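For the sequence shown, the numbering used here assigns the number 204 to the initial residue and increments by one for each residue that follows.
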Amino acid sequence: APQLQPQSRQRSRRRTGPAAMAAMSLWGVPRSALRAPPEVDAQGSSSARARARGATVGVAAAVATRLGASLLPLQDPPPADRPRSRINLATAFFKMLLRFFILLRWRVKGLRVEMLADSNRQALRGTLRSVFLSFDKLQLARAQFTSGGVIEIAGLDLTLRSLIRHLIRGRVRFLKRPFELYVQGDMNRDDVANSWWIRNIAQRVVNIIMTRAGGTDLTIMTVSVRAASVVADRLVFSGVIGTALSTSVPFVVSIGLSVAGSGHILCVTDPEIVLNPGPLQVVVPIVTIRQLEVDLGDNARVEQLLVTNSMIRIRARTLVSPYPKFLVADPAPRCMFSYDLADFVGRFLGVRPQLT
Numbered sequence: 204a205p206q207l208q209p210q211s212r213q214r215s216r217r218r219t220g221p222a223a224m225a226a227m228s229l230w231g232v233p234r235s236a237l238r239a240p241p242e243v244d245a246q247g248s249s250s251a252r253a254r255a256r257g258a259t260v261g262v263a264a265a266v267a268t269r270l271g272a273s274l275l276p277l278q279d280p281p282p283a284d285r286p287r288s289r290i291n292l293a294t295a296f297f298k299m300l301l302r303f304f305i306l307l308r309w310r311v312k313g314l315r316v317e318m319l320a321d322s323n324r325q326a327l328r329g330t331l332r333s334v335f336l337s338f339d340k341l342q343l344a345r346a347q348f349t350s351g352g353v354i355e356i357a358g359l360d361l362t363l364r365s366l367i368r369h370l371i372r373g374r375v376r377f378l379k380r381p382f383e384l385y386v387q388g389d390m391n392r393d394d395v396a397n398s399w400w401i402r403n404i405a406q407r408v409v410n411i412i413m414t415r416a417g418g419t420d421l422t423i424m425t426v427s428v429r430a431a432s433v434v435a436d437r438l439v440f441s442g443v444i445g446t447a448l449s450t451s452v453p454f455v456v457s458i459g460l461s462v463a464g465s466g467h468i469l470c471v472t473d474p475e476i477v478l479n480p481g482p483l484q485v486v487v488p489i490v491t492i493r494q495l496e497v498d499l500g501d502n503a504r505v506e507q508l509l510v511t512n513s514m515i516r517i518r519a520r521t522l523v524s525p526y527p528k529f530l531v532a533d534p535a536p537r538c539m540f541s542y543d544l545a546d547f548v549g550r551f552l553g554v555r556p557q558l559t
């Protein structure tokens with residue numbers, strides 16, 4: 204074997220200087236790291252170069268251990284937390300698809316979407332544990348919410364291919380099973396005034412109140428609600444009563460709202476009617492035996508309904524199903540009027556478009 208050159212021997216015999224010793228003491232490198240076990244070459248004898256290489260490896264290992272201890276909080280997360288990043292990647296596509304679905308149907312500002320799935324595979328199959336939506340402003344075709352709101356969907360299970368076909372062609376069932384929908388929002392005075400839904404409901408309520416107040420025959424007299432607003436803690440509806448003599452009388456109806464029956468019944472409380480509002484106004488007394496109540500159905504529940512400070516605050520929960528109701532017999536009526544709120548929400552969202 205060739206002999207080591209003298210220059211190589213001199214390099215291998217160099218010792219660690221004072222600066223390197225101070226640096227190693229600062230990092231806590233033991234002096235034993237310099238006395239690394241000698242390597243054995245092909246002839247079975249140790250060389251100075253092998254000792255120097257072993258010492259360098261020992262110092263590097265000690266410094267790396269020290270650095271690792273000092274930078275421990277900045278290390279990668281444990282393997283148990285790493286699947287969460289993959290789940291986020293899997294749900295990113297559904298976030299984009301849901302945003303496209305919402306923005307295609309309604310006008311939304313400040314939309315934020317969050318999703319949660321049990322596993323990456325479940326997310327790719329379309330099974331999501333919960334979907335959380337929040338917005339700053341939501342404008343629908345016949346209503347608006349300019350004070351913000353929150354929507355939460357629990358137990359969403361859909362077919363991705365059917366959902367894409369529904370977005371393209373419509374009238375395609377894309378849900379595998381029912382899901383629970385939770386809505387929380389506020390409606391200020393402008394939202395109430397511009398809501399077609401509220402005016403439509405107000406028209407029906409006013410017709411019932413007028414009929415109970417004085418036995419008004421709606422086949423002879425017409426009642427038309429022109430505006431709706433919120434004043435203090437009451438809803439106020441104004442309109443005109445037309446008579447057969449082509450005369451019109453303005454009126455104002457104010458009501459209060461409350462919830463009964465564990466949130467399944469909506470109650471209209473303390474109705475008041477004022478004809479010809481102004482200096483010569485006439486207050487019409489309402490004599491009724493039974494309170495005006497509306498049954499919202501077993502699949503819908505109003506958790507909070509508060510009318511205060513010229514604002515309506517509502518928190519409601521409903522079960523949205525892609526399948527029609529199967530009833531062996533009609534349920535016993537809990538009050539005089541009924542309205543299936545869950546069925547209305549399902550038809551509005553388009554989860555059962557083929558049944559409308």
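Every residue, glycine too, gets a C-beta built ideally from N, C-alpha and C. Model, not experiment: these values are computed from the prediction.
Apply the 10 Å Cβ neighbour rule to residue i and answer buried if 16 or more other Cβ atoms are within range, or exposed otherwise.
i      : result
ARG407 : exposed
MET424 : exposed
ILE515 : buried
ASP546 : buried
VAL554 : buried
GLU324 : The sequence given here places Arg at residue 324; Glu does not occur at that position. ARG324 is exposed by the Cβ-count criterion.
SER398 : buried
PRO480 : exposed
THR511 : exposed
ALA503 : buried
ALA535 : exposed
GLY329 : buried
ASP321 : exposed
Do residue i and residue j have their C-beta atoms within less than 8 Å of each other?
i      : j      : result
MET395 : ILE401 : Looking at the sequence itself, residue 395 is Val, so the reference to Met does not match. Going by C-beta atoms, VAL395 is nearer than 8 Å to ILE401.
ILE392 : GLN342 : Checking the displayed sequence, the identity of residue 392 turns out to be Arg instead of Ile. Against a cut-off of 8 Å, the Cβ pair of GLN342 and ARG392 comes out as no contact.
VAL505 : GLY466 : yes
ARG380 : SER365 : no
PHE382 : VAL477 : no
ARG332 : LEU319 : yes
GLY442 : ARG537 : no
PRO474 : ILE458 : yes
Specify, as a first and last residue, the run of the beta strand (DSSP E) that residue i falls within.
i      : result
VAL548 : Counting along the chain, VAL548 falls outside any beta strand (DSSP E), though it belongs to the alpha helix (DSSP H) covering 544-552.
ALA346 : No beta strand (DSSP E) contains ALA346, which DSSP labels as neither H nor E.
LEU460 : 451-463
LEU509 : 503-511
ALA519 : 514-523
GLN387 : 382-390
ALA357 : 352-360
ARG310 : 310-312
LEU483 : Taken as a continuous stretch (DSSP letters only), LEU483 belongs to no beta strand (DSSP E), as it is neither H nor E.
MET318 : 315-319
PRO474 : 468-478
ASP339 : No beta strand (DSSP E) holds ASP339; DSSP gives it neither H nor E.
Out of the options, which has the shortest C-alpha to C-alpha gap to residue i?
i      : options                           : result
ARG437 : HIS467, ILE444, LYS298 and THR472 : THR472
GLY445 : VAL428, GLY481 and PHE338         : VAL428
ALA447 : ILE458, VAL386, ALA357 and VAL426 : VAL426
GLY168 : VAL487, SER513 and MET539         : With the chain represented from 204 up to 559, any question about residue 168 goes unanswered, as that position is not in the structure.
ALA346 : ASP389, VAL462 and TYR542         : ASP389
THR294 : PHE335, LEU306 and VAL434         : PHE335
PHE440 : MET413, VAL462 and SER449         : MET413
VAL497 : ASP339, VAL353 and ASP543         : ASP543
Can you tell me where the alpha helix (DSSP H) with residue i in it begins and where it stops?
i      : result
LEU327 : 323-328
Only counting runs of 4 or more residues, tell me where the alpha helix (DSSP H) segments fall wholly within the region 396-440, in order along the chain.
Within the region 396-440, the runs of alpha helix (DSSP H) that reach at least 4 residues and sit entirely inside it are, in chain order, 399-417.
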